[in-house]
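Participant: Input: one structure, supplied below.
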Amino acid sequence: MIINYRNDQNKVDVPKEAERLLRKALQAGARVHKLPKETEVGVTLVDNAEIHELNRMYRQVDRPTDVLSFALDEADEPAEVGGPDEHLLGDIVISAEMARKQAEEFGHSLERELAYLAIHSLLHLLGYDHKKAADKKLMRAEEERILEKIHLSQDDLGGGLPLADDAQEDLAHALLDGLDKRDVDLAGDSVAEMFEKARAAMEQAYVPYSKFPVGAAVLTDDGTIYTGCNVENASYGLSLCAERNAIFKAVSEGHRTFRMLLVTGNTTAPLAPCGACCQVMAEFKIPRVLMTNAAGDVQEATYAELLPFGFSEEELAEGRGTAEEKHAGETVG
Ligand code: THU
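This is the structure:
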C-alpha cells in the first residue's frame, strides 16, 4: 500500500519511530485485508485546532476529536474523466495532540496510540463502523487481528486498548438504543454522558490485585454526575467498589437524592453490582441502576429488584428498641 504521510503540525514532537510504527500498522492492515499494492491512503497529523475545525465542518461536532476518516468512494461528486481512481482509499487525519493526551492517560506510548488510531481509521475506510454493538465487536476484533501482526495486541501488551474517541461516542448511542425508555426523563443525553464518564473513571481503577477495573457514575437530582472507580488495598477487605466510591463522593458533596447509577466493566454480560453496593443503593433508594459492559450491552433494574430483602432503616428502628429493652431488663434483673 502506498502511504502518503504528512506531519502538518508542530505542537507535538513525533519521532521517526512513531511514523515507522504507524506505517507498519497500516501495511499490516493492508496485508490482512489483501489490498492491492497500488492502494493509496493519505495520513495527515494535525493539531487540535485543525481537527476541531474538520470535525465541525464534516460531522457537525463542535469539539476536537482524535481521528477522522474520509473515504473517497463515499463522495457524491460525479466521477471525473476516466472515473475515480479505484486505488485511492481515502484520508486518515489524526490529531497528534489528542494522540499524545490519550497515550498519557492510558499509560502507553505515543507510537502505540498513533498506530492504533491509524488502524481504527483504516478499518473505517474499508467500511467498518461501530454504531451498533455487534458491528463494534467485529471492528474491535479486526483491530486486534491487525495489531497482533505487529505485536501490539491486547495479549502482547497485557492490557486493554482504549477505544478511539468516535467509537466511544457511537457506543454510548448503541447503549441508548438498548435502554427501556419508560421514564423519558432518565433516558437521553445523561445516560450517554454517564457511560462515557464511567468508562473514563474505569481507567483510573487501582486494581493491582484483581486486575478487574470497574467504573461507575451516579446522577443526582440536580443533574450533576459523580464518578468512581474501584480502589483496592493489600489488605483485600478494605477495597472499595466503584459504585460506592461514586455514591460516597456525591454524598460528601451534599447530594442525597439520585436519579440513577450506571456501572461498567469489561465483562461479557453487563456487570452487576455486588451485594454491598446494592445495600448502599437501597439506603439512598436509587430508582434505576444501569448495568453495562464495554460492548455497550445494558440491563436495567431498580435498587429493590437488585436487593428485594435489603436491610432497612425501619428494621433498624424495630430491632434497636427490642434490644435496648432486653438489655435494660437484664441489667435490672
Ligand atoms: N467491584 C466493583 O468495583 N464493583 C462491582 O460491582 C463488583 C466488584 C470491584 C471490587 C474489586 O476491586 C474488584 O472489582 C474484584 O472484586
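Throughout the sequence shown, residue numbering follows my numbering, covering 2 to 334 in sequence.
Each residue gets a CB set at the ideal place from its N, CA and C atoms; glycine is no exception.
In whole angstroms, what separates the C-alpha of L115 from that of Q103?
Facilitator: Each residue's alpha carbon lies about 10 Å from the other.
Participant: Relative to the alpha-carbon of F196, which residue among N5, K35, Y117 and L291 has its alpha-carbon at the smallest distance?
Facilitator: Here the closest residue by C-alpha is L291.
Participant: Are the CB atoms of C242 and C278 nearer to each other than 8 Å?
Facilitator: Yes.
Participant: Look up V252 in the DSSP assignment and give the residues it is bridged to.
Facilitator: For V252, which the question treats as bridged, DSSP gives no partner whatsoever.
Participant: So, is A318 buried or exposed, given that buried needs 16 or more other C-beta atoms within 10 angstroms?
Facilitator: Label assigned to A318: exposed.
Participant: Can you tell me where the beta strand (DSSP E) with A104 in it begins and where it stops?
Facilitator: No beta strand (DSSP E) contains A104, which is instead part of the alpha helix (DSSP H) from A97 to F107.
Participant: How many Å lie between H125 and S70 at the Cα?
Facilitator: Computed Cα separation, rounded: 7 Å.
Participant: Quick one: is D14 buried, meaning 16 or more other Cβ sit within 10 Å of its Cβ, or exposed?
Facilitator: Answer is exposed; the Cβ neighbour count stays below 16.
Participant: Heavy atom of the ligand THU less than 7 Å from the Cβ of P274, yes or no?
Facilitator: Yes, the Cβ of P274 comes within 7 Å of a heavy atom of the ligand THU.
Participant: Return yes when at least one heavy atom of the ligand THU lies under 7 Å from the C-beta of E306, else no.
Facilitator: Every heavy atom of the ligand THU is 7 Å or more from the Cβ of E306, so no.
Participant: Does any heavy atom of the ligand THU sit closer than 7 Å to the C-beta of E98?
Facilitator: Checking every heavy atom of the ligand THU against the Cβ of E98, none is found closer than 7 Å.
Participant: Let me check you understand the geometry: is the CB of N294 closer than 7 Å to at least one non-hydrogen atom of the ligand FMN?
Facilitator: The ligand FMN is not part of this structure, which contains only the ligand THU.
Participant: Please determine, among E315, R60 and A296, the residue with the shortest C-alpha to C-alpha distance to L139.
Facilitator: The candidate whose alpha carbon is nearest that of L139 is A296.
Participant: Is P16 buried or exposed, if buried means 16 or more other CB atoms sit within 10 Å of its CB?
Facilitator: With fewer than 16 Cβ atoms within 10 Å of its Cβ, P16 is classed as exposed.
Participant: Below 8 Å on the Cβ atoms is my contact criterion, and I expect T228 with G216 to pass it. Report the Cβ-Cβ distance as a whole number of Å.
Facilitator: At roughly 7 Å, the Cβ-Cβ gap stays under 8 Å, so T228 and G216 are in contact.
Participant: Less than 7 Å separating the Cβ of N234 from some heavy atom of the ligand THU?
Facilitator: It does not: the Cβ of N234 is nowhere closer than 7 Å to a heavy atom of the ligand THU.
Participant: To the nearest angstrom, how far is the alpha carbon of D186 from that of R141?
Facilitator: Confidence is the limiting factor: at D186 the pLDDT is only 39, short of 50, which leaves the residue's position unreliable and the question unanswerable from this model.
Participant: For F259 versus V299, is the C-beta spacing smaller than 8 Å?
Facilitator: Their beta carbons are not under 8 Å apart, which means F259 does not touch V299 by this criterion.
Participant: R24 to T293, Cα distance in whole Å?
Facilitator: Rounded to the nearest angstrom, the two C-alpha atoms are 35 Å apart.
Participant: Helix, strand or coil, according to DSSP, for Q300 in the structure here?
Facilitator: Strand.
Participant: To the nearest whole angstrom, what separates the beta carbons of V33 and I147, a pair I think is in contact under 8 Å?
Facilitator: Yes, they are in contact, since the Cβ atoms of V33 and I147 sit about 5 Å apart, within 8 Å.
Participant: Could you name the residues of the same chain whose beta carbon sits closer than 6 Å to that of D92, not counting the 5 residues immediately before and after it, in chain order?
Facilitator: Taken in chain order, the residues that qualify are G43 and F71.
Participant: Nearest CA to the CA of M261: which residue from L118, A283 and A119?
Facilitator: Ranking L118, A283 and A119 by Cα distance to M261 puts A283 first.
Participant: How would you write the range of the alpha helix (DSSP H) that A134 sits in, first residue to last?
Facilitator: A134 to K150 is the extent of the alpha helix (DSSP H) around A134.
Participant: Does A100 pass the burial test, meaning 16 or more other C-beta atoms within 10 Å, or should it be called exposed?
Facilitator: By the neighbour-count rule (16 or more Cβ atoms within 10 Å), A100 is buried.
Participant: Using the Cβ count rule (16 or more neighbours within 10 Å means buried), how would you classify R321?
Facilitator: The residue in question, R321, is exposed, as its Cβ has fewer than 16 Cβ neighbours within 10 Å.
Participant: Specify the secondary structure class of Y59 as computed by DSSP and reduced to three states.
Facilitator: Looking at Y59 - three-state DSSP - the assignment turns out to be helix.
Participant: Tell me the rounded alpha-carbon separation between Y210 and C230.
Facilitator: Going by the C-alpha atoms only, they are around 14 Å apart.
Participant: Less than 7 Å between C-beta atoms, sequence neighbours within five positions excluded: which residues of the same chain meet that for K286?
Facilitator: The answer, listed in chain order, is Y304.
Participant: Should N49 and S122 be called a contact, given that it needs their Cβ atoms to be closer than 8 Å?
Facilitator: It is not a contact, given that the beta carbons lie outside the stated cut-off.
Participant: Per the DSSP calculation, N267 is bridged to which residue(s)?
Facilitator: Partner(s): none; N267 has no beta bridge.
Participant: Looking at the ligand THU, does it come within less than 7 Å of A318, judged from the CB to the closest heavy atom?
Facilitator: For the ligand THU, not one heavy atom lies less than 7 Å from the Cβ of A318.
Participant: Below 6 Å CB to CB, which residues in the same chain sit around E149 once its five sequence neighbours on both sides are set aside?
Facilitator: Here the set comprises nothing.
Participant: Taking 7 Å as the cut-off, is the C-beta of T213 nearer than that to any heavy atom in the ligand THU?
Facilitator: Rather than Thr, the amino acid found at residue 213 in this sequence is Phe. Yes, the beta carbon of F213 sits closer than 7 Å to at least one heavy atom of the ligand THU.
Participant: Mark T269 as exposed unless 16 or more other C-beta atoms lie within 10 angstroms of its C-beta, in which case mark it buried.
Facilitator: Label assigned to T269: exposed.
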